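Mapping the sequence shown onto the working numbering, position 3 (from 1) lands on 105, and the numbers just tick up by one. For each residue, glycine too, the CB sits at the ideal point set by N, CA and C. None of the values given here were measured: they were computed from a predicted structure.
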Amino acid sequence: PLPEVWRSWDRVRVPHVEPPASEFGMGAIYAMVTFAGRLVGVGADPPNPAVWVSVDGVSWVRVPSDQSAFQVPGRIQDVATWDGGLVAVGLSLRTGATFWTSADGVAWRKVPRGQIDMPAGDINLVSGVASMRGRMVAVGTTGPRNTKGSDEFDASVWTSTDGQSWERIPGGQEGLNGPGSQSMSAVI
């Protein structure tokens, strides 16, 4: 099946839009924001992360997939605006939690792994991001590798003031860990 798009200017009528298959391929948009007068949709065009932009919600253009930021199997789960542009979060099938930034929605940069505070040897997944009061907050889950059927995963929260360096809130916080699995999938 090909991707589909709906749009509504009045929240009452929702006409179906036929997006050009060449722009979407087998892609999926998981989250969208408005930024600099256009829509920016993030997701994946298997096997890699992908971004599309539109000025009207009808015509879409895929951001070039040859950018080094997208040259790894995975997907972008969420995107948020902030003072410095856009920040997106998602998953690399090779390294787990991944963060991207963009000043314009078109040119993207993957945040180097060394600038993200993640427990060594653990699986780190990030699925939601939001901006508030000059700080970005990302949420997800962290847990030990190779624990088939384990319920040892705990919710994780990362914060950043510049989108380039991410600090993880220490584990052990009330509500983030405990018996069973805890996870956060979105933040507003």
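What is the DSSP secondary structure of residue i, reduced to helix, strand or coil?
| i | result |
| --- | --- |
| Gly159 | coil |
If you measure between the beta carbons of residue i and residue j, is that distance less than 7 angstroms?
| i | j | result |
| --- | --- | --- |
| Ser194 | Gly176 | yes |
| Leu291 | Ala257 | Limits of the chain in this structure are 103 at one end and 290 at the other, which puts residue 291 out of reach. |
| Val191 | Val160 | no |
| Arg196 | Val174 | yes |
| Pro148 | Met134 | no |
Tell me which same chain residues have a C-beta within less than 6 angstroms of the C-beta of residue i, skipping the five on either side of it?
| i | result |
| --- | --- |
| Trp162 | Pro121, Glu125, Trp154, Ser156 |
| Lys212 | Ala171, Trp202 |
| Ser285 | Thr243, Ala257 |
| Ile271 | Val259 |
Cutting at 7 angstroms between CB atoms, please list the residues of its own chain near residue i, excluding the five before and the five after it.
| i | result |
| --- | --- |
| Gly187 | Thr203, Ser204, Ala205, Asp206 |
Apart from the five residues just before and just after residue i, which ones in its own chain have a Cβ nearer than 8 angstroms to its Cβ?
| i | result |
| --- | --- |
| Pro103 | Caution applies to Pro103, whose pLDDT of 47 falls short of 50 and renders its modelled position unreliable; the model cannot decide the point. |
| Pro246 | Gly223, Asp224, Ile225, Ser252, Glu254 |
| Ile290 | Ala232 |
| Ala288 | Asp180, Ser229, Gly230, Val241 |
| Gln266 | Thr203, Val213, Gln217 |
| Gln169 | Ala209, Trp210 |
On the three-pair Cβ rule with 8 angstroms, is the segment 136-151 touching the segment 178-185? A contact exists between the segment 136-151 and the segment 178-185.
Counting Cβ pairs closer than 8 angstroms, one from the segment 238-245 and one from the segment 258-268, do we hit at least three? yes
Segments assigned beta strand (DSSP E), at least 3 residues, entirely inside the segment 157-231: 176-184, 187-194, 198-204
Uninterrupted alpha helix (DSSP H) stretches inside the segment 253-284 (no shorter than 4 residues): none
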